[in-house]
Amino acid sequence: MSVKTPVAQGIRPVQARLLMRYRRDALRFNGWGLRAQTFDLHGRDAEVWRFVEDALGVSTLPRTPPKDLDAVRLPGVELRDEVVGELRAITDEHRVKTDAYERAFHAVGKSYFDLVRIRSGEITEAPDAVIYPESHDEVLQILAYCAEQRVAVVPFGGGSSVVGGVEARKDGGQAGVLTLDTTRMHRLLDLDEKSLTATFEAGIYGPELEEILGARGYTLGHFPQSFEFSTLGGWIAARGAGQQSNRYGGAAKQLVAARVATPKGEWKTKPFPASAAGPDLNQVIAGSEGALGVITEATVKIHEQAEARDFVSFLFRDWESGSEAVRAITQAELPVSTLRLSDVAETHFYGQFKAVLKPSKAQDLALSALGKVGFDAPCVLMVGFEGPASIVRMSWRHAFAIATRRGGLFVGRGPGNSWYENRFSMPYFRDPLLDHGVGIDTLETSTTWANVPRLYGAVRGAILGAITDGGHRGQVLAHISHTYLSGTSLYFTFLFSRDLDDEIGQWR
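Those letters in the sequence shown? Residues 0 to 507, per numbering that gives the first Met the number 0, in order.
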């Protein structure tokens, strides 16, 4: 089947419902996700904050709520009224926004640096206007007009960038900044079931994309932690990797072809499965962060939905034996979907956090029993499998043998299933942490397997040193979550008590 109509039959209800969900005024301009949704503390607020105080070595946590929109100081609008009028003529009067909420929402991304600034109400750069095109041709017209008028254009998808890619910056000679929000461009344009590819407009959000594919028995398989609030174009522009990248690959590997709008016109790549004709231009587009143009359409590889899914967990006595098991499973080239090894600090922190949220005598007894057999400070490894049931069973048997030969203790499916069910909820906990004077940020790197012990220790030590040099206490948590034959990613999360007199200086 090939869908050639602009909006496939039966997709309209899905898009209408999800479009309401992602209305900008339904989302937090100064935090994560839906304004109507919060992180559930299960009525144990006092116990949770006592746990955080103990983890950071402080007696009390200050209350540090964000400024309301009325108290946010945005820079003045520099874009001339006639320019705004011409932009409205290209789209319509309802798709060019100049109100404070739209400007604040599109001013920054979602990094710690971004949130500290917008929560304080101090925004030195913000778009003069926000435009919502609904087609590739409209994007071309907008870019050509803005080039004539010397207006800087910033592409914007879900806004979950943590590298400054959506900030409204302009050079001295430019007449203003326009943010181009792609999220009205969210249609399925083509589905090639024989070639297993799908072409979407690039502004489509993750849940909408997966719901459309899922209705036909397919999946893209790209599930970053930002999945609910990020877009296909953003995944490609950021060269992102999802939580099941071991099976489905990252955004760059999933990309088959792209259509890009620039001020000089369009350029597009062809949906060839492979080519020997020089550099792969898809790999120039992937990771370009909007610098080369606006990704308006993308053809991506899709997969039949998995017949079976299984998540199992093992404990290891230390990081070294756990990372060796991950390396061995990866280099055995088993078709696993997820490999996630938490270090001792991360395993302990989240284990204690879960115990505070949902106390369990059975869990306390299990931890006591584990301590008696040498697992008093373990690392937890979660291994996920997806695919035909026979392959899942085979992969599980091989992974079990590799893990146990390296000292792993099988602890069942509970931890993995719990992670899978709650994997998109943890970002909501950042806002209440920031409300209580706690800073939290992340960084990711990669290295060869031979260099994992050295780099892990060096980065962890450097972060802890930077926190304590400022006279503060903190926690540094780490995990492996994307693996390759020659090496792996290392992902660090760090929490610290904020220096409320110089938050940006402390972070830097």
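Glycine included, C-beta positions come from ideal geometry on N, C-alpha and C.
Here the structure is a predicted model, which means the values were calculated and not measured.
In the DSSP assignment, Ala297 is bridged to Phe199, Ala257. Straight through space, the alpha carbons of Glu52 and Arg43 are spaced by roughly 14 Å. About 6 Å separates the CB atoms of Tyr100 and Asp24; that is less than 8 Å, so the two are in contact. According to the DSSP secondary-structure assignment, Leu408 is paired through a beta bridge with Leu314. Closest in C-alpha terms to Ser336, from the list Glu296, Gly413, Gln243, Ala276, comes Gln243. Closest in C-alpha terms to Ala54, from the list Ala344, Pro387, Glu502, Trp234, comes Ala344. By the 16-neighbour rule on beta-carbons within 10 angstroms, Asp468 is exposed. When DSSP states are grouped into helix, strand and coil, Tyr204 belongs to the strand group. Going by C-alpha positions, Lys109 is about 14 Å away from Ser119.
In this structure, DSSP gives Arg72 an extended state, which the three-state scheme calls strand. In the structure shown, Asp434 adopts helical secondary structure according to DSSP, grouped into three states. Close CB contacts of Val57 within its chain, under the 6 Å cut and outside five residues either way in sequence, are with Ser496 (chain order).
Per the DSSP secondary-structure output, Ser445 pairs in a beta bridge with Ser488.
In the same chain as Ala376, and ignoring 5 residues on each side of it, the C-beta atoms closer than 6 Å to its own belong to Val343, in chain order. Within its own chain, the residues whose Cβ lies closer than 7 Å to the Cβ of Leu208, once the five positions on either side in sequence are excluded, are Phe199, Leu219, Leu231, listed in chain order. Counting only residues of its own chain and dropping the five nearest sequence neighbours on each side, Phe315 has a CB closer than 7 Å to the CB of Gly321, Ala324, Pro377, Cys378, Leu380, Gly406, Gly407.
Cβ atoms of Tyr247 and His302 come within 8 Å of each other, at about 7 Å. For the pair Leu26 and Leu33, the CB atoms are nearer than the 9 Å cut-off. Rounded to the nearest whole angstrom, the C-alpha separation of Pro126 and Pro262 is 19 Å. Going by C-alpha positions, Val437 is about 11 Å away from Tyr111.
A straight line joining the alpha-carbon of Asp279 with that of Ile235 spans about 14 Å. Look at Ala307 here: in three-state DSSP terms it is strand. Between Ser394 and Phe409 the beta-carbon gap is near 15 Å, outside 8 Å, which marks them as no contact.
About 17 Å separates the CB atoms of Ser485 and Glu443; that is not less than 8 Å, and the two are not in contact.
Note that the region 161–175 does not touch the region 265–279; fewer than 3 beta-carbon pairs, one per stretch, sit closer than 8 Å. Nearest in C-alpha terms to Ser160, of all of Phe228, Ile117, Cys145, Leu177, is Phe228. Listed in chain order, the non-local C-beta contacts of Ala327 below 6 Å within the same chain comprise Ile401, local neighbours out to five positions each way being set aside.
By the CB criterion at 9 Å, Gly292 and Leu142 fall inside the cutoff.
Arg102 is positioned such that its CB atom lies closer than 9 Å to that of Ala128. The Cβ atoms of Ile211 and Leu338 lie no closer than 9 Å to each other.
Taking the C-beta atoms as reference points, His481 is found nearer than 9 Å to Asn245.
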